[in-house]
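Heads up, the sequence shown stops at 253 in the working numbering, and the numbers go up one at a time, no gaps. Ideal placement from N, C-alpha and C gives every residue a C-beta, glycine not left out. All figures in this text were calculated on a predicted structure; none of them were measured in a lab. Heads up: the structure comes next, in structure tokens.
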Amino acid sequence: MISGRYFLKPFIALIKIMILMKLGGSIITDKEKPLTANRNSIRKIASSLKNVKEPIAIIHGGGSFGHYWSVKYDMHTKPQRYSVKGVSVVKNSMVELNKIVLESFLESGLKPYCLPPSDFMIGDKPLINKVKEIPKIAKTGLTPISYGDAMWFGKNKFYILSGDRIMGILCKLLRPRLAIFITNVDGVYSDMKEKRLLREITKEKPITSEVAMDVTGGMSRKIKEAFSISKGGTDVFFVNGNIPKRITDAINDKGFEGTIFRG
Ligand code: IP8
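What follows is the structure, given as structure tokens:
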């Protein structure tokens, strides 16, 4: 029997607009060189998005900025009483990287709109009314750009909010048409040795435990968020940002190359 959701899917796709895109730290920074942005890659990706008519909101990661300092100051996603110097330094480095992303988008002809996560989060909870403003801002032609950050939790505790977690939070509330994770690899691999790319992950064909074991901490967090986003009905794409045409092909449903988590 055809389920109601399956039958309604084409109609839901018509009313759903908006794309949420995560620019991974691996693509926007040089992970080998501390505090070095990959301006060329950011510009190339931004230029490719210029012709996309659908509203887009971007979230970017920390790469060799935020992650470099959070490792130095031993800061994690768990709320704790971390060094306040560490909080300050991590936060400053993310503002610096965000500024580079904003400038690159502006130079590429887009209209970026800086959106620090403290604008729509209180502690570790989203401010629903603020989150609901994001698609409205994106529909004006601006591109809201948020980022992973060091956040105040309460009771003198802070935590690292990753860009991947922001993707999960925003997708749950906004139910975008698409969620796209841009990294510097072709998608999700079954194992890193043979590099066998997994093209499609569905409820019927779920990922095996070896995959989760083989991938890096960063990738396993993305996979966890991708699963929960796709369970909410949004298709999730993993795309290599070194070939920006793959991003626009994914958006325009033209010969997708990467990994899809079917919503
Ligand atoms: O790169 C982490 O965001 P992510 C941001 O998405 C910081 O994990 C501050 C390290």
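Buried versus exposed call for Asp64 [16 or more other C-beta atoms within 10 Å across all chains shown]: The residue labelled residue 64 in the question sits at position 74 within the sequence shown. Asp64 is exposed by the Cβ-count criterion.
Pick from Phe246, Ser78 and Ser210 that is closest to Lys235, judged by C-alpha positions: Residue mapping note: residue 235 aligns to position 245 of the sequence shown, counting from 1. Here the closest residue by C-alpha is Phe246.
Alpha carbon of Ala27 to alpha carbon of Lys145, nearest angstrom: On the sequence shown, residue 27 is found 37 positions in, with the first residue counted as 1. On the sequence shown, residue 145 is found 155 positions in, with the first residue counted as 1. Whole-angstrom Cα-Cα distance: 34 Å.
Pick from Leu164, Glu97 and His57 that is closest to Gly153, judged by C-alpha positions: Position 163 of the sequence shown, counted from the first residue, corresponds to residue 153. In terms of Cα proximity to Gly153, the closest of Leu164, Glu97 and His57 is His57.
Backbone CA spacing between Asp225 and Thr173 [nearest angstrom]: Here residue 225 refers to the residue found at position 235 of the sequence shown. Here residue 173 refers to the residue found at position 183 of the sequence shown. One C-alpha to the other measures close to 17 Å.
Through-space distance from Leu164 to Asn119, alpha-carbon basis: Counting from one through the sequence shown, the residue named residue 119 turns up at place 129. Counting from one through the sequence shown, the residue named residue 164 turns up at place 174. Rounded to the nearest angstrom, the two C-alpha atoms are 11 Å apart.
Closest by C-alpha distance to Pro45, when choosing among Pro166, Gly177, Tyr179 and Lys212: Sequence index remark: in the sequence shown, residue 45 carries index 55 (1-based). Closest by alpha carbon: Pro166.
Per-residue DSSP class, three states only, for Glu215: Walking along the sequence shown from the start, residue 215 turns up at place 225. Here Glu215 sits in helix by DSSP.
Under the three-state DSSP convention, the category Met8 falls into: Locating residue 8 in the sequence shown gives position 18, where the first residue counts as 1. Met8 falls in the coil class under three-state DSSP.
Any non-hydrogen atom of ligand 1 closer than 8 Å to Ile241 Cβ: Sequence index remark: in the sequence shown, residue 241 carries index 251 (1-based). No, the beta carbon of Ile241 sits no closer than 8 Å to any heavy atom of ligand 1.
Three-state secondary structure assigned by DSSP to Lys23: The residue you call residue 23 lines up with position 33 of the sequence shown. Note: Lys23 maps to coil in three-state DSSP.
Heavy atom of ligand 1 within 8 Å of Leu151 beta-carbon: For the purposes of this step, residue 151 is taken as the residue at position 161 of the sequence shown. Correct: Leu151 has its Cβ closer than 8 Å to ligand 1.
Buried/exposed call for Val79, threshold 16 Cβ in 10 Å: Taking the first residue of the sequence shown as 1, we reach residue 79 at position 89. Classification for Val79: buried.
Span separating the alpha-carbon of Pro102 from that of Gly131: The count along the sequence shown starts at 1 and reaches residue 102 at position 112. The count along the sequence shown starts at 1 and reaches residue 131 at position 141. Their Cα atoms are separated by approximately 9 Å.
Distance CB(Met8)-CB(Gly52) smaller than 9 Å: Residue mapping note: residue 8 aligns to position 18 of the sequence shown, counting from 1. Residue mapping note: residue 52 aligns to position 62 of the sequence shown, counting from 1. The answer is no: Cβ separation not under 9 Å.
Minimum C-alpha distance to Glu93 - residue among Phe228, Glu190, Ile233 and Ile18: In the sequence shown, residue 93 corresponds to position 103, counting from 1. Ranking the options by Cα distance to Glu93, first place goes to Ile18.
Counted within 10 angstroms of its Cβ, other Cβ atoms place Lys43 as buried (16 or more) or exposed: As a first step, residue 43 is located in the sequence shown; it is residue number 53 there, counting from the start. Result: exposed.
Contact set for Ala216: own chain, Cβ-Cβ below 6 Å, skip 5 residues either direction: Start at 1 with the first residue of the sequence shown, and residue 216 comes out as number 226. Excluding residues within five positions, the ones whose Cβ falls inside 6 Å are Val226 and Phe251.
Proximity test, Ser169 beta-carbon vs ligand 1 heavy atom, cut-off 8 Å: Counting from one through the sequence shown, the residue named residue 169 turns up at place 179. The residue asked about is misnamed: residue 169 is Ala in this sequence, not Ser. Not so, every heavy atom of ligand 1 lies at least 8 Å from the Cβ.
Given Leu39 as reference, the closest of Met141, Val74, Ser98 and Lys23 once Cα atoms are compared: In the sequence shown, residue 39 corresponds to position 49, counting from 1. Comparing Cα-Cα distances from Leu39 to each of Met141, Val74, Ser98 and Lys23, the minimum goes to Ser98.
Residue range of the unbroken alpha helix (DSSP H) whose run includes Pro107: Here the question's residue 107 lines up with position 117 in the sequence shown. Unbroken run through Pro107: none, as it is neither H nor E.
For Pro106, the nearest candidate out of Glu190, Tyr137 and Gly113 (CA to CA): What you label residue 106 is simply residue 116 of the sequence shown in a count that begins at 1. Nearest option by C-alpha distance: Tyr137.
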